[in-house]
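Enquirer:
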Amino acid sequence: MSATSIVSLPDQSTATMPKRHYINNEHGLLSWLLTADHKRIAILYLISITFFFFIGGAFAGLIRLELLTPQSDLVAADTYNKFFTMHGIVMIFLFLVPSVPATLGNFLIPIMLGAKDLAFPKINLLSWYLYMIGGTLTLAALVLGGVDTGWTFTTPLSTHYLNTHVVTAATAIFVAGFSSIFTGLNFIVTIHRMRAPGMTWFRMPLFVWSHYAASLLMVLGTPVLAIAIVLVALERLIGIGVFDPTKGGDPLLFQHLFWFYSHPAVYIMILPGMGVISEVISTFSRKRVFGYSAVAFSSVAIALFGFFVWEHHMFIMGVSNYSALVFSLLTMLVAVPSAIKVFNWAFTLQKGSITFETPMLYAFAFIGLFTIGGLTGVFLGALGMDIHLTETYFIVAHFHYVMVGGMLMAFLAGIHFWWPKMTGRMYPESLSKLSAVTSFIGFNLTFMPQFILGYLGMPRRYASYPAEFQVLNVLSTAGATVLGVGFMLPLLYLGWSLKYGAIAGANPWQATGLEWQIQSPPLTENFIETPIMDHEAYDYEWLENKTKHEVTTVG
Amino acid sequence: MSHAHTDAHDPSNVTNPEHAEHHIVTPLQYVYVFVTLLVGTGITVGAAYVDMGVLNPIVALAIACFKASIVILFFMHAAYQSRLIKITIASGFFVFLVLIAMTMTDYLSRTWGLW
Amino acid sequence: MGISPVLWQFLTKWMHGSALFPAEASTISPWVDALYFSLLLMTIFGLVVVGVLLTVFAIRYRREKSPVATQIEGSTLLEATWTIIPLAVFLLMFVWGALLYFRIYNPPTNAMNIYVVGKQWMWKAEHPGGQHEINALHVPTGQPVQLTMISQDVFHSFSIPAFRVKREVIPGRYTTVWFNATTPGTYHLFCTQYCGTQHSGMIGEITVLTPEDYKKWLHESTSGMSLAQNGERLFASMGCNQCHSGNAAARGPNLAGVYGSKLTLNDGSKVLVNDAYLRDAILNPSQHVTAGFSPIMPTYQGQISEDGLIDLVEYIKGLQTNYRVQQTLVTASSDEAAPPTPAAGTTTEMVKP
Amino acid sequence: MDSALTTPHTHEAHAHEHEHISLPQHRHHFETEEQQREAGSFGMWLFLLTEIMFFGGMFFAYLLYRNWYYPAFAAASNQLNVPMGATNTVILISSGFFMALGVWASEVRKKKTLVIMLLLTTIFGCAFLGVKYFEYKEKYELHHIPGNNFSIAMFVNPQNYPQYPDTYAEKPLAPDMAQKTQIFFFLYFAMTGMHALHMIIGIGLLVWLIIRAQRGDFTNGYVAPIENFGLYWHFVDIVWLFLFPLLYLINRHPLH
Ligand code: HEA
Ligand code: HEA
Ligand code: CUA
Ligand SMILES: [Cu+2]
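Keeping their order, the protein sequence lines are chains A, G, Z and W. Start counting at 1 in the first sequence, then tack on 23, and there's your number in the working numbering. Start counting at 1 in the second sequence, then tack on 1405, and there's your number in the working numbering. Start counting at 1 in the third sequence, then tack on 214, and there's your number in the working numbering. Start counting at 1 in the fourth sequence, then tack on 35, and there's your number in the working numbering.
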């Protein structure tokens, strides 16, 4: 039958490492640095974003350490300000925005579509270099003495009142922004143009759908950030006042432009993670995703509505009350597609046949934590509530719940899920379960107290705070320690598994995606011959029939 | 065996990409467009010296939009492109309009004047 | 018990004074808290629904009990349910939140006004009677208080958690917030918008006093000159009265009673004269020229501090009759000419009535 | 047998259908050259979307401040040189016209015409930048470059500048309004500067394309680079089509 057209390897029990694959295809550092292979670029990205995650994490550690006591005794206030600024910039622009798309997306989208590569392999490599230049500039800003604008670069503070390395950091973000634009552009073209025969839009894995939606945001939103940041740099350098009220400019204009990108950016950050969750939930419950098209369309709806709500970051900043009304309403609307997804995932489990491997544990953590994070977002979207909560730790807790509890958990789910595909080896299961549980507990301990702190009124970006907030802060710091351990563990055991992990075989999870029908690690050209997609996504019956007709072994 | 797949055939797929024929626009057509653009420029400048009140910027922008449209349609071949490309172009302008219109909800409804 | 006395001491000392819920000290607090608890309820409800679904399915359909999955397409009915219910809940929260927002940001007409100037990194409060406070604010209970606030440099944010109110303090423009304190006591004042190095030091204390105590306090801390009196002095010394003399022949319009009125501008539009308008009329006079006048008023941008502007605004607000202005004209010795404005020579040339 | 569906789309399989299939430009990861071409132009269009949004931010700033400070914008705009701006518009349209002809030449495989057209495109592009240089220089001399040396003298005292008839006829601006001309000039330099930057990048690419065109790379059926570059160049033209009336022609009508 048709299944023969898809190259496949025997199962894990008999698995051996293929002789030829993308990792050993060529040797030497240059073969990596000049590669055009989307899988190798994904690995390059994986290494670099991990590096930056730990840089950002180190700053998080320092923040939490400083907040252990009410006084600013560990470091002076200006140093603390640099800490959270670097933490925010590194985590957002150098870690979370590229996290899933540039690693897993890069690696998997062509394979999931049955293509040999992304549409523009060289541009893909260029993206990575841009990313690295942006990263290097950020580190340069750090080494030269740091930046203390906060990741939001609020004018006129950033333009006229600080004499730290704002322009360097702005350039870094500008450059990294173009890396993100090119990644998004590449994905969109690939998804439109490179699908294998039979791969209709509604046969694409939901992972691809969510990346498609996120890519739209990258392509259309990021340039607005770029121009906003250019204007900040120009205003600093020349000193004229598009954003300076004393010269007739409107500082809120900067905020409009900044959040026009940065709100959609939060969906750039969450959508790819949602794609991961769809794959993982389906695979470990052996069921097709409940309401496939609702989940697919809700991704696009999030992307579309995501452009209409940015002003909710400015509700008390002096925008018109009537306009705030409009944006608040739209904010409520954009929350609905997320709710749809959550319930669709939950019902995917119904009548499934569920197992609890590590990726599944992370996926459960994602659903729970994202629900909390998302619903507290609704607090902030409700105008009257936002007045009290804005700029307090409630916000900090909200966005860590969606970004760390959501996206980071999804990233870890994805990394564990596709680790066998990317490296050909399994991660150690019990250790990884331990780390999943540890980070879940640590996470809640860190950020749950911050909700309470926020309602008590503790402002964010405070190096010192009134003594009555200390108990909760100590809890939070304690949690961060546990969380740090939970995040360090994967680094160690995944590294270990590169050499000592069990050989994975082509399809250790018995998953349905095209990526699982080829050898692990894949060949440089992914497929020996162009696959033909003749079934729906998540068609487990097709998979069962297919394994009976097992054929070719390659490599 | 291949016949089993024909129903699974996506028109927007690689084997039959959603594309328009590669249309070659003739130089004559380009000349028409070129002349129109020059005339448009002339009118723009001329109109700027006629006092039409609020209509001045509107006329100027209308002419600019018209000129941009024919550049997009003919110089850039959008008229002969697939629907995908047309939608792409439209979506770009759409998001630009979102930026303008939604930001304007703030500026237009501020209690008075600029601030 | 097992806990060592030292640790016990430590813990009790710690727990003492640490709170889980902020004090409710204004009339708006209960309203905000009500919305908060409703939202909390919504969250718990959503979380429980999702949590129960996940747990039940995970237990009921785990591999051991359910070795083979039954494939399900989806269900329009179910999906419609979980689209409509959250939508309805969210919309409810939107309406509620919006009502609250307008309540918090629309001061009642009988509110008493206090000016607040924020700058890196301190708060200055100026009571109409001329009492100045730094990083502190005294207010009476049972009286709506409106704060008219402005920043001299960057964005700040004036936050009183116990009152559940907060408002951005913006350079170049007045913003307002109001509250009606209910319980005497001292409460935190925070700057919640990141404003540079000492952002976390830009804190203060709100002291809520009973009306009698407040009166006493006002009395004790008066500086001798009310804001309006200061403004009057400035009005003379800055040369405003040269044009705004209240005479029929004056080059500038008569400012008596202008506050609260509707002015017609020379482009035909009408504006309501409020604090913000007065401030802008002094700094950017040619931006909105009153009908019948030519744009000859010089800009005072960069020559008056925000405090000075507040004094002037307060003075103009209080001008009810021409008589006051003319008094000013007489009392202020006219030895001080109008201060030089940028490109001073050029501005006088422009004066061609 | 439907070959398109079952057999991999190797070059050989189609060699008899598309005679140009084995071109060296064909990248291995595309099934067909058609696919490659469509991907390329789609990618280019997407890139232009990001450009729309990039300039869009500045256009919005323009819209806002023009409404706020109309008198300043009108007066400052009248400072700009309409003949130069109009000439530049014509130059740029011509450059775009030659670019379009270049695309045609490449499509019909006329190598010489292609090279000539690309050369003309480049020359007109450079001419545009040349004119722009003189305009910028004039602004520099008048202290109209935003920053510390910016001067509003010309707007508060136009009568002192009889040598600039456009200005001389202007009504003087009040000093506070005159200050706002700086915002206009900032936007003017930011927008035309970004536009000029795009032109400079374009000219660099043109030089490279000319060299390759001379080698005959684009007249053998491989027109994608020319087409895609054409899209970019036309986009840059379009930006100017808006910049010209918005910046130069705000309020020219009181003919004195
Ligand atoms: C991944 C990132 C991410 C995501 C996905 C979100 C998602 C959302 N965010 Fe968040 N947000 C941030 C990252 C993110 N946010 C960041 C970084 C900031 C701060 C920036 C800064 O100032 O530094 C911020 C700040 C922020 C603010 C500004 C607060 C302020 O500054 O005053 C607001 C206000 O509206 C908001 C709202 C929302 C909403 C409504 C959603 C929605 O999309 C959430 C939708 C999801 C759900 C609603 C959960 C699922 C629903 C259910 C399970 C249904 C439950 C059932 C019933 C109710 C019956 N966010
Ligand atoms: C992807 C985004 C992301 C991620 C993953 C995180 C992760 C974490 N964040 Fe962060 N955070 C932001 C994005 C993110 N944050 C943003 C955008 C802001 C706002 C910035 C601003 O206001 O401008 C912010 C602000 C912010 C604050 C508020 C600061 C303030 O307002 O004053 C706090 C405080 O607790 C905090 C804590 C943490 C903690 C404990 C983690 C933990 O999850 C981190 C756990 C990881 C580790 C601990 C790493 C492990 C590595 C090591 C242990 C190495 C150890 C080495 C040394 C210590 C030298 N973050
Ligand atoms: Cu002022 Cu923070
Ligand atoms: Cu947002």
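Backbone N, C-alpha and C define an ideal beta-carbon position, used for all residues, glycine too.
With a threshold of 8 Å between beta carbons, is Ala495/Z in contact with chain A?
Expert: Working through the third sequence from its first residue, we reach residue 495/Z at position 281. No, its Cβ sits nowhere closer than 8 Å to a Cβ of chain A.
Enquirer: Please list the partners that Ser376/A has in chain Z, where partner means a Cβ-to-Cβ separation under 7 Å.
Expert: Residue 376/A sits at position 353 when you count from the first residue of the first sequence. Near Ser376/A (Cβ distances below 7 Å), the residues of chain Z are Tyr275, Arg277, Ser280, Pro281, Val282, Ala283.
Enquirer: When the cut-off is 8 Å and only beta carbons count, does His279/A lie next to chain G?
Expert: What you label residue 279/A is simply residue 256 of the first sequence in a count that begins at 1. So, interface residue.
Enquirer: Is Tyr290/A near ligand 1, in the sense that its beta carbon is under 7 Å from a heavy atom of that ligand?
Expert: Position 267 of the first sequence, counting from 1, holds the residue named residue 290/A. Yes, the Cβ of Tyr290/A comes within 7 Å of a heavy atom of ligand 1.
Enquirer: Can you tell which of Ile158/W, Val191/W, Asn116/W, Val143/W has the C-alpha that lies nearest to the C-alpha of Phe169/W?
Expert: Counting from 1 along the fourth sequence, the entry for residue 169/W is found at position 134. Among Ile158/W, Val191/W, Asn116/W, Val143/W, the Cα nearest to that of Phe169/W is on Asn116/W.
Enquirer: Between Met292/A and Gln1486/G, what straight-line distance do the alpha-carbon atoms span, to the nearest angstrom?
Expert: Sequence index remark: in the first sequence, residue 292/A carries index 269 (1-based). Sequence index remark: in the second sequence, residue 1486/G carries index 81 (1-based). Rounded to the nearest angstrom, the two C-alpha atoms are 33 Å apart.
Enquirer: Extract the residue ranges of the alpha helix (DSSP H) inside the region 181 to 265 of chain W, only unbroken runs of 4 or more that lie entirely within it.
Expert: 188 to 191, 200 to 203, 210 to 214, 216 to 250
Enquirer: With 16 other CB atoms within 10 Å as the buried threshold, where does Trp442/A fall?
Expert: Locating residue 442/A in the first sequence gives position 419, counting from the first residue. Buried, because 16 or more other Cβ atoms sit within 10 Å of the Cβ of Trp442/A.
Enquirer: Need the endpoints of the alpha helix (DSSP H) that Lys333/Z sits in, please.
Expert: Taking the third sequence and counting its residues from 1, the one referred to as residue 333/Z is at position 119. Segment 326 to 333 is the beta strand (DSSP E) holding Lys333/Z; no alpha helix (DSSP H) there.
Enquirer: Going straight from the alpha carbon of Val120/A to that of Phe76/A, what length do you get?
Expert: Translated into positions along the first sequence, residue 120/A becomes position 97. Translated into positions along the first sequence, residue 76/A becomes position 53. The alpha-carbon atoms of Val120/A and Phe76/A are separated by roughly 11 Å.
Enquirer: Does the CB of Trp243/W have a neighbour CB from chain G at under 8 Å?
Expert: Taking the fourth sequence and counting its residues from 1, the one referred to as residue 243/W is at position 208. By this cut-off, Trp243/W is not an interface position.
Enquirer: Strictly under 8 Å for the Cβ-Cβ distance: is Met1507/G near chain W by that measure?
Expert: As a position in the second sequence, residue 1507/G is number 102, starting the count at 1. Closer than 8 Å: no.
Enquirer: Within 7 Å: the Cβ of Thr269/Z and any heavy atom of ligand 1?
Expert: Here residue 269/Z refers to the residue found at position 55 when the third sequence is read from its first residue. No; taking the cut-off as 7 Å, the Cβ of Thr269/Z has no heavy atom of ligand 1 nearer than that.
Enquirer: Can you list the alpha helix (DSSP H) stretches of 4 or more residues lying completely in the region 98 to 154 of chain A, in chain order?
Expert: Restricted to the region 98 to 154 of chain A, the alpha helix (DSSP H) segments that are unbroken, complete and at least 4 residues in length are 100 to 112, 120 to 123, 129 to 136, listed in chain order.
Enquirer: For His1428/G, is the classification buried or exposed, using 16 other Cβ atoms within 10 angstroms of its Cβ as the cut-off for buried?
Expert: Here residue 1428/G refers to the residue found at position 23 of the second sequence. By the C-beta density criterion, His1428/G is exposed, having fewer than 16 other C-beta atoms within 10 angstroms.
Enquirer: Could you check if Gly137/W is buried or exposed, using at least 16 other CB atoms within 10 Å of its CB as the buried criterion?
Expert: Residue numbering aside, residue 137/W sits at position 102 when the fourth sequence is read from its first letter. Gly137/W should be labelled buried.
Enquirer: What are the boundary residues of the alpha helix (DSSP H) that includes Met259/A?
Expert: Stepping through the first sequence from its first residue, residue 259/A is reached at position 236. For the sequence presented, residue 259/A should be read as Arg rather than Met. 229 to 261 is the span of the alpha helix (DSSP H), which, as asked, contains Arg259/A.
Enquirer: Taking 7 Å as the cut-off, is the C-beta of Val401/A nearer than that to any heavy atom in ligand 2?
Expert: The residue you call residue 401/A lines up with position 378 of the first sequence. Because no heavy atom of ligand 2 lies under 7 Å away, the Cβ of Val401/A does not count as near it: no.
Enquirer: Closer than 7 Å: is that where the CB of Pro280/W sits relative to any heavy atom of ligand 1?
Expert: In the fourth sequence, the residue the question calls residue 280/W occupies position 245. Pro280/W: no, Cβ never under 7 Å from ligand 1.
Enquirer: Quick one, are the C-beta atoms of Pro513/A and Phe440/A less than 8 Å apart?
Expert: Walking along the first sequence from the start, residue 513/A turns up at place 490. Walking along the first sequence from the start, residue 440/A turns up at place 417. In this structure, Phe440/A does not lie closer than 8 Å to Pro513/A by Cβ.
Enquirer: Quick check on Ile510/Z: does DSSP put it in helix, strand or coil?
Expert: Along the third sequence, read from residue 1 onward, the residue named residue 510/Z stands at position 296. Here Ile510/Z sits in coil by DSSP.
Enquirer: By the criterion of Cβ-Cβ separation under 8 Å, what are the contact partners of Arg579/A in chain W?
Expert: Nothing in the structure corresponds to residue 579/A, since chain A is present only between 24 and 578.
Enquirer: Give the C-beta separation of Gln373/A and Tyr275/Z to the nearest angstrom, bearing in mind that I take them to be a contact with Cβ-Cβ under 8 Å.
Expert: Here residue 373/A refers to the residue found at position 350 when the first sequence is read from its first residue. Here residue 275/Z refers to the residue found at position 61 when the third sequence is read from its first residue. Right, their Cβ atoms sit about 7 Å apart.
Enquirer: If you drop the 5 nearest sequence neighbours on each side, which residues of the same chain put their C-beta closer than 7 Å to that of Ala248/Z?
Expert: Walking along the third sequence from the start, residue 248/Z turns up at place 34. Result list for Ala248/Z: empty, nothing under 7 Å.
Enquirer: Among Val323/A, Thr175/A, Ala459/A, Glu564/A, which one has its Cα closest to the Cα of Val508/A?
Expert: One-based indexing of the first sequence puts residue 508/A at position 485. The residue with the shortest Cα to Cα distance from Val508/A is Ala459/A.
Enquirer: So what does DSSP say about Glu382/Z, is it helix, strand or coil?
Expert: The sequence position of residue 382/Z within the third sequence is 168, counting from 1. It is a strand residue.
Enquirer: Just checking my contact of Gly288/Z with Tyr315/A at CB under 8 Å: how many whole Å lie between their CB atoms?
Expert: For the purposes of this step, residue 288/Z is taken as the residue at position 74 of the third sequence. For the purposes of this step, residue 315/A is taken as the residue at position 292 of the first sequence. Contact holds; Cβ gap of about 7 Å.
Enquirer: Compute the distance between the beta-carbons of Pro554/A and Ala219/A, then report whether it is under 8 Å.
Expert: The residue given as residue 554/A occupies position 531 in the first sequence. The residue given as residue 219/A occupies position 196 in the first sequence. Against a cut-off of 8 Å, the Cβ pair of Ala219/A and Pro554/A comes out as a contact.
Enquirer: According to DSSP, Arg276/Z sits in a beta bridge with which residue or residues?
Expert: Within the third sequence, the letter at position 62 stands for residue 276/Z. Arg276/Z pairs with Ile377/A.
Enquirer: Hey, how far is the Cα of Met449/A from the Cα of Tyr385/A?
Expert: Translated into the one-based positions of the first sequence, residue 449/A becomes position 426. Translated into the one-based positions of the first sequence, residue 385/A becomes position 362. Approximately 17 Å, taken between the alpha carbons.
Enquirer: In three-state terms, what does DSSP make of Val527/Z?
Expert: Position 313 of the third sequence, counting from 1, holds the residue named residue 527/Z. The answer is helix: DSSP assigns Val527/Z an H, G or I state.
Enquirer: Assign Val289/A to one of three DSSP states: helix, strand, or coil.
Expert: Within the first sequence, the letter at position 266 stands for residue 289/A. In this structure, Val289/A counts as helix in the three-state DSSP scheme.
Enquirer: Count the other CB atoms within 10 Å of the CB of Gly447/A; is the residue buried (16 or more) or exposed (fewer)?
Expert: Within the first sequence, the letter at position 424 stands for residue 447/A. That one is buried.
Enquirer: I'd like to confirm something about Tyr485/A: is its beta-carbon nearer than 7 Å to some heavy atom of ligand 2, or not?
Expert: Counting from 1 along the first sequence, the entry for residue 485/A is found at position 462. Tyr485/A Cβ: within cutoff of ligand 2.
Enquirer: Select from the region 1484 to 1515 of chain G all residues with a C-beta closer than 7 Å to any C-beta belonging to chain A, and list them in chain order.
Expert: Leu1489, Val1500, Val1503, Leu1504, Met1507, Thr1508, Thr1510, Asp1511, Ser1514, Arg1515
Enquirer: Kindly list, in the order they appear in chain A, the residues whose Cβ is closer than 7 Å to that of Cys409/Z.
Expert: Here residue 409/Z corresponds to residue number 195 of the third sequence, with the count starting at 1. Result: Leu180.
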